[in-house]
Amino acid sequence: MASSSSSALAADAGHGADLAKRWCASCHVVANGQAVASADVPSFASVARRPDFSSEKLAFFLLDPHPKMPSFPLSRTEAGDIAAYIGSLRP
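For our numbering, count along the sequence shown from 1 and bump the result up by 801.
The following block contains the structure:
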């Protein structure tokens, strides 16, 4: 099970899935039913399987992503929800 804090426990993975489909699916494969994405980037499932995965760290990253990733106007709650969704994909 992924490590989580009380804020991560309050996150809404279902809402995160909806946000991921809207904001992230053009570059990342965000769900099992999605066959292809337009960029050579990791799928959300592969991100979730990383041994060092942390929903909390990912949520903070989403608020200030790396230069190759577009900056989305995500609130802290939305970033936490997306991170919770990705965490829910852990085997």
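We treat Cβ as the ideally placed atom computed from N, Cα and C, and that holds for glycine.
These figures come from a predicted structure and were not determined experimentally.
CA-CA distance, Q835 to F854, rounds to 22 Å. Spanning the alpha carbons of A840 and G888 requires a straight line of approximately 21 Å.
In this structure, the straight-line span from the alpha carbon of R877 to that of A832 is close to 22 Å. Classified as buried, S856 has 16 or more neighbouring CB atoms from the shown chains inside 10 Å of its CB.
For K822, the secondary structure class from DSSP, reduced to helix, strand or coil, is helix.
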